[in-house]
Amino acid sequence: DLVINPGPMNACADLFDITITGRQGHGARPHEAIDAVVVGSHLVAALQTIASREIDPADPCVVSIGRFQAGDAANVIAGQATLSGTCRAQSERTRQVIHGAIGRICRAIGETFRAEVTLTMHAGTPALVNSPEMAALAAAAGILEPLRQLRSSTSMAEFLQQHYLRLTPDLLEQVLKRI
15 DLVINPGPMN
25 ACADLFDITI
35 TGRQGHGARP
45 HEAIDAVVVG
55 SHLVAALQTI
65 ASREIDPADP
75 CVVSIGRFQA
85 GDAANVIAGQ
95 ATLSGTCRAQ
105 SERTRQVIHG
115 AIGRICRAIG
125 ETFRAEVTLT
135 MHAGTPALVN
145 SPEMAALAAA
155 AGILEPLRQL
165 RSSTSMAEFL
175 QQHYLRLTPD
185 LLEQVLKRI
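Residue numbering for the sequence shown follows this note's numbering, starting at 15 and increasing by one per position.
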């Protein structure tokens with residue numbers, strides 16, 4: 015469905031990877047190891063506080079960890095771990111706050127547990143924010159009527175402009191012809 019509301023409609027979608035390097039050790043001698051699983055567990059818990067404690071509740075955002083991989087054996091303390099996740103926000107300002115918080119948390123937890131924590135951010139799609147003028151123009155042009163004009167809330171899903179343009183390749187041309 016195409017939506018013509020003004021303001022934020024879809025969130026940005028960025029990915030990140032975190033590599034934790036500790037020191038592998040035997041399960042019977044944990045004092046000789048730096049446990050990457052423990053470090054990663056603290057990272058997961060701390061990253062979840064970004065949206066709930068650092069961002070205004072009225073400003074939609076999400077930080078999610080979708081992958082946590084570590085260890086090879088039950089009796090060996092993992093010396094390496096990787097986390098992968100996504101962060102989404104509906105404004106560039108909030109996006110930058112989230113990026114900064116992820117970096118700060120990675121540095122602090124790495125230092126706390128004497129592990130090396132490396133963060134790699136992968137910038138994805140920006141947030142889709144419809145200008146009031148262009149939303150009004152599209153509504154007035156009437157070209158979206160066959161596609162159902164919707165009054166909808168915002169979404170944390172990323173906006174895949176290429177997908178929508180593939181579905182309606184002549185949408186922009188239709189709008190421009192009616193101006």
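Just so you know, even glycine gets a beta-carbon here, dropped at the ideal spot from N, CA and C.
**Item:** Rounded distance between the beta-carbons of Asn89 and Gly138, thought under 8 Å
**Value:** The C-beta distance from Gly138 to Asn89 rounds to 39 Å, too long to fall under 8 Å, and the pair is not in contact.
**Message:** Contact defined as beta carbons within less than 8 Å: I believe Thr96 pairs with Asp31. What is the distance between those atoms, to the nearest angstrom?
**Reply:** Between Asp31 and Thr96 the Cβ distance is about 7 Å, and since that is below 8 Å, they are a contact.
**Message:** Whole angstroms are fine: how far does the CA of Ala47 sit from the CA of Gln176?
**Reply:** Interpretation of Gln176 is limited by its pLDDT of 44, a score under 50 that renders its predicted location unreliable; the figure taken from the coordinates is listed afterwards. Each residue's Cα considered, the two are about 48 Å apart.
**Prompt:** Is DSSP giving Pro160 helix, strand or coil here?
**Reply:** Because Pro160 carries a pLDDT of 43, less than 50, the predicted location of this residue cannot be relied on, and the following value inherits that uncertainty. Note: Pro160 maps to helix in three-state DSSP.
**Message:** I'd like to know whether the C-beta atoms of Ile18 and Ala149 end up nearer to each other than 8 Å.
**Reply:** Cβ atoms of Ile18 and Ala149: closer than 8 Å.
**Asked** Do you know how far the Cα of Glu130 is from the Cα of Ala154?
**Response** Each residue's Cα considered, the two are about 56 Å apart.
**Item:** Rounded straight-line distance, which links the Cα of Val77 to that of His56
**Value:** For His56 and Val77, the distance between alpha carbons rounds to 15 Å.
**Prompt:** Do Ala103 and Arg109 have their CB atoms nearer than 8 Å?
**Reply:** Cβ distance < 8 Å, so Ala103 and Arg109 count as in contact.
**Request:** Could you check if Pro44 is buried or exposed, using at least 16 other CB atoms within 10 Å of its CB as the buried criterion?
**Result:** Within 10 angstroms of the beta-carbon of Pro44 lie fewer than 16 other beta-carbons, which makes it exposed.
**Prompt:** Roughly how many angstroms separate the alpha carbons of Pro20 and Cys75, rounded to a whole number?
**Reply:** CA-CA distance, Pro20 to Cys75, rounds to 19 Å.
**Message:** By DSSP's criteria, Gly21 is part of a beta bridge. Which residues make up the other side?
**Reply:** Beta-bridge annotation (DSSP): Gly21 is paired with Asn144.
**Message:** Output needed for Ala122: all residues of its chain with C-beta closer than 7 Å, excluding positions within five of it in sequence on either side, in chain order.
**Reply:** Same-chain partners within the cutoff: there are none.
**Message:** On the criterion of 16 or more Cβ atoms from any shown chain inside 10 Å, does Gly156 qualify as buried, or is it exposed?
**Reply:** When all chains shown are included, Gly156 counts as exposed.
**Prompt:** Is Gly54 closer than 8 Å to Ala87 when the C-beta atoms are compared?
**Reply:** Gly54 is positioned such that its CB atom lies no closer than 8 Å to that of Ala87.
**Request:** Give the single residue among Met23, Ile119, Val52, Leu29 whose Cα lies nearest to the Cα of Thr63.
**Result:** Of the residues Met23, Ile119, Val52, Leu29, the one whose Cα lies closest to the Cα of Thr63 is Ile119.
**Message:** Whole angstroms are fine: how far does the CA of Ser98 sit from the CA of Arg128?
**Reply:** It is roughly 21 Å from the alpha-carbon of Arg128 to the alpha-carbon of Ser98.
**Asked** CA-CA distance, Thr134 and Gly124?
**Response** Cα to Cα, Thr134 sits roughly 15 Å from Gly124.
**Prompt:** Would you call Ala65 buried or exposed, if buried means 16 or more other Cβ atoms sit within 10 Å of its Cβ?
**Reply:** When all chains shown are included, Ala65 counts as buried.
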